[in-house]
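Trainee: Sharing a structure, written as structure tokens. Questions coming.
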Amino acid sequence: MLDINYIIENKEIVIKKLLVKNFESKEIIEELELLNKKRKIIIKELEYKRSEINNISKKIGELFKEKKIQDAAKLKEESVNIKNSFGDMESNLFNIENKINDKILRIPNIPEESVKNQTENEIIKEKNKKINITEESLPHWELIKKFKLVDFELGNKITGSGFPVYTNKGAKLQRSLINFFLEENIKAGYEEIIPPLLVNKESAFGTGQIPDKDEVMYHIERDNFYLIPTSEVPVTNILRDKTLEKENLPIKYTSYTPCFRREAGSYGKDVRGLNRIHQFDKVEIVQITNPETSYKTLQEMVNHIEGILMKLELPYRILRLCGKDLSFASSLTYDFEVYSAVQKKWLEVSSVSNFETFQSNRLNLKMKSKSKKTLCHTLNGSSLALPRIVAAMLENNQQKNKIGLPKELQKYTGFEFIEK
RNA sequence: GGAGGAAUGGCAGAGUGGUCGAAUGCGGCGGUCUUGAAAACCGUUGUACCGCGAGGUACCGGGGGUUCGAAUCCCUCUUCCUCCGCCA
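Okay, here's the thing in structure tokens:
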């Protein structure tokens, strides 16, 4: 959520920058400006009247002490009159503030300076795309059947489409990847968190999932909880309504959780196999930083994730997202994709973003230095999302009757190959 | 799930209708003293909003109500504690 005063004071710049995200904001900002003026006028009058009532009440108190009951009764009447003159002011103010809120929540975050108004994502780096596959090479959805790693039919039976059952070495591979990612993150100074998988609406609001994107989340009506679409939600909300000491920053959290996404309406060949499912495993990294250093932090996170992908010996590329592809809350995002040789497709496995103050403003997450309080910057990234890593790894490393695993991962799996 | 109790500033803890935005202690910040530090002493110390400013308004778990006036009374929700029940 952007700050209303900032929007109004920097109207022209904000409008221009939001166009980079393909968001036309002129009208909405002008409406905001008008509403804000109305708001201030009402507040001024209302607070003046309230202060009058407060004064009268004080006098009444004194008169009561002096037993001047009649004088007090007179003042009471006066006070009631003032209160009656409020009219609809209070409800008007309430309505205006609601309208302001609604509008401001519809405005996306401002993209970072270097994001240009282009529709092409910039490829920052591309590594090791050459893979030895043959005519007989299978896509991962065939491989997982052949080697009995993941059972989608079983998931259909137990739950429904998009809830795979990992079996045997497929299950062990999941657990090994999770451990590998967590250990890499912990080595890099991240504190491990196991958060709740269900969150309340305040938490979903804090990181920006509601009101705009509530259709991606499963919602438990009876208790009004949401299943988390990413551990970013509970983990970032650890610090909701906190003021942190400047010298305690940055705060670095890592967390493995299953993630639940409704992915309404997406069926077809793009979602075959592990490409897109309703429940998947992901390890996340989150950082809360001093606003002055957040872009340095973003780079550090990108380097860290790149290091993990290198250890997995997967072909990958890093994209710097264009304005059009930036998410609602993000100022700058780098996407990581791994190459899936049989599908001949790049698969997104991580998205690393700096949200600047967009989340912290909703979260009321501040930093204190000397006597000054300022909003922190929040950042997060996947390190990493498992299904597509598994898909690419299986496809790229397949041999005749087995699938090889990267050395670094073997320490965790305890086996070098997946065999029949 | 049932019965009872509680929620106050960074923390601890007073306050049960009127100079209470809130005593006191601890902590924090500034100072005196000291070669330096500690101790002691003095001062200071919440947030948001409106206003050029003086100043004002709101906030004592959340929401609503009673009243001229609410931390204090009433309703409701949430969370915590004690007891009972159930339970991995």
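Be aware that the first sequence starts at 576, since it is given in this note's numbering, and climbs by one per residue.
Ideal Cβ placement from N, Cα and C applies to all residues, glycine included.
For residue 944, which three-state DSSP category applies?
Mentor: If DSSP states are grouped into helix, strand and coil, residue 944 belongs with the strands.
Trainee: Can residue 925 and residue 902 be called in contact, C-beta distance under 8 Å?
Mentor: Against a cut-off of 8 Å, the Cβ pair of residue 902 and residue 925 comes out as no contact.
Trainee: Nearest by alpha-carbon distance to residue 753: which of 704, 681, 833 is it?
Mentor: When each option's Cα is compared against that of residue 753, the closest is 833.
Trainee: Where does residue 809 fall in DSSP's three states?
Mentor: Correct three-state label for residue 809: helix.
Trainee: Output the boundary residues of the alpha helix (DSSP H) element that contains residue 974.
Mentor: Note, residue 974: premise wrong, no alpha helix (DSSP H); not H, not E.
Trainee: Name the residue from 640, 908, 580 whose alpha carbon lies nearest to the alpha carbon of residue 691.
Mentor: Ranking the options by Cα distance to residue 691, first place goes to 908.
Trainee: Work out the CA separation of residue 590 and residue 710 for me, nearest whole Å.
Mentor: Between residue 710 and residue 590, the C-alpha separation is close to 52 Å.
Trainee: My output table needs one value for residue 934: the three-state DSSP class, helix, strand or coil.
Mentor: Residue 934 falls in the helix class under three-state DSSP.
Trainee: Assess contact between the region 959 to 968 and the region 856 to 864, defined as three or more Cβ pairs (one per stretch) separated by less than 8 Å. Is contact present?
Mentor: Contact holds: three or more Cβ-Cβ distances are below 8 Å.
Trainee: Does the distance from the CB of residue 830 to the CB of residue 869 come in under 8 Å?
Mentor: Against a cut-off of 8 Å, the Cβ pair of residue 869 and residue 830 comes out as no contact.
Trainee: Nearest CA to the CA of residue 654: which residue from 641, 673, 633, 642?
Mentor: It is 633 whose Cα lies nearest to the Cα of residue 654.
Trainee: What whole-angstrom Cβ distance do residue 800 and residue 937 have, given they're in contact under 8 Å?
Mentor: Wrong, their Cβ atoms sit about 19 Å apart, outside the cutoff.
Trainee: By Cβ distance, which residues of its chain are closer than 6 Å to residue 740, with the 5 residues on each side in sequence left out?
Mentor: The answer, listed in chain order, is 726, 729, 730.
Trainee: Here's the rule: buried if 16 or more other CB atoms are within 10 angstroms of the residue's CB, otherwise exposed. What is residue 910?
Mentor: Buried, by the Cβ-count rule.
Trainee: In whole angstroms, what is the alpha-carbon distance linking residue 565 and residue 737?
Mentor: The question about residue 565 has no answer here: the residues shown for the chain are numbered 576 through 995.
Trainee: Please report the distance separating the alpha-carbon of residue 604 from that of residue 583.
Mentor: Approximately 7 Å between the Cα atoms of the pair.
Trainee: Would you tell me roughly how many angstroms separate the C-alpha atoms of residue 676 and residue 850, rounded to the nearest one?
Mentor: Rounded to whole angstroms, residue 676 to residue 850 spans 37 Å at the Cα level.
Trainee: From residue 705 to residue 890, what distance separates their C-alpha atoms?
Mentor: Approximately 8 Å between the Cα atoms of the pair.
Trainee: Where do the ends of the beta strand (DSSP E) carrying residue 796 lie?
Mentor: Note, residue 796: premise wrong, no beta strand (DSSP E); not H, not E.
Trainee: Less than 8 Å separating the beta-carbons of residue 617 and residue 668?
Mentor: Yes, these two residues count as a Cβ contact at 8 Å.
Trainee: For residue 623, count the other beta carbons within 10 Å of its own beta carbon; 16 or more makes it buried, fewer makes it exposed. Which is it?
Mentor: Looking at its Cβ environment, which holds fewer than 16 other Cβ atoms inside 10 Å, residue 623 is exposed.
Trainee: So what does residue 789 bridge to, in DSSP terms?
Mentor: Paired residue(s): none; residue 789 is not in a bridge.
Trainee: May I have a chain-ordered list of the beta strand (DSSP E) segments no shorter than 3 residues that lie completely inside the region 731 to 792?
Mentor: 766 to 768, all fully within the region 731 to 792.
Trainee: Identify whether residue 694 lies in helix, strand or coil by the three-state DSSP scheme.
Mentor: Coil at residue 694, not helix or strand.
Trainee: Counting only the same chain and skipping the five closest in sequence on each side, list residues whose C-beta sits under 6 Å from that of residue 875.
Mentor: So no residue of the chain qualifies.
Trainee: I'd like the list of long-range same chain contacts for residue 941, defined as Cβ closer than 8 Å, with 5 residues on each side in sequence excluded.
Mentor: Correct list, in chain order: 817, 818, 819, 935, 948, 949, 950, 951.
Trainee: On the DSSP letters alone, give me the boundaries of the alpha helix (DSSP H) that residue 988 sits inside.
Mentor: Its alpha helix (DSSP H) spans residues 982 to 988.
Trainee: Please name the residue in 979, 629, 970 whose C-alpha comes closest to that of residue 708.
Mentor: Of the candidates 979, 629, 970, the one whose C-alpha sits nearest the C-alpha of residue 708 is 970.
Trainee: Hey, how far is the Cα of residue 651 from the Cα of residue 620?
Mentor: Going by the C-alpha atoms only, they are around 21 Å apart.
Trainee: Kindly indicate the opening and closing residues of the alpha helix (DSSP H) around residue 588.
Mentor: From DSSP, the alpha helix (DSSP H) with residue 588 extends over 586 to 595.
Trainee: Do residue 644 and residue 611 have their CB atoms nearer than 8 Å?
Mentor: Their beta carbons are not under 8 Å apart, which means residue 644 does not touch residue 611 by this criterion.
Trainee: Might you give, ordered along the chain, the residues of its own chain that have their beta carbon closer than 7 Å to the beta carbon of residue 988, omitting 5 neighbours on each side?
Mentor: 747, 748, 751, 980, listed in sequence order.
Trainee: Specify, as a first and last residue, the run of the alpha helix (DSSP H) that residue 630 falls within.
Mentor: Here the alpha helix (DSSP H) through residue 630 covers 601 to 640.
Trainee: Can you give the Cα-Cα distance for residue 769 and residue 811, rounded to whole angstroms?
Mentor: In a straight line, the C-alpha of residue 769 is about 12 Å away from that of residue 811.
Trainee: Just to confirm, is the Cβ distance from residue 685 to residue 601 under 8 Å?
Mentor: Cβ distance not < 8 Å, so residue 685 and residue 601 don't count as in contact.
Trainee: Tell me whether residue 786 is buried or exposed, calling it buried when 16 or more other Cβ atoms sit within 10 Å of its Cβ.
Mentor: Exposed, since its Cβ has fewer than 16 Cβ neighbours within 10 Å.
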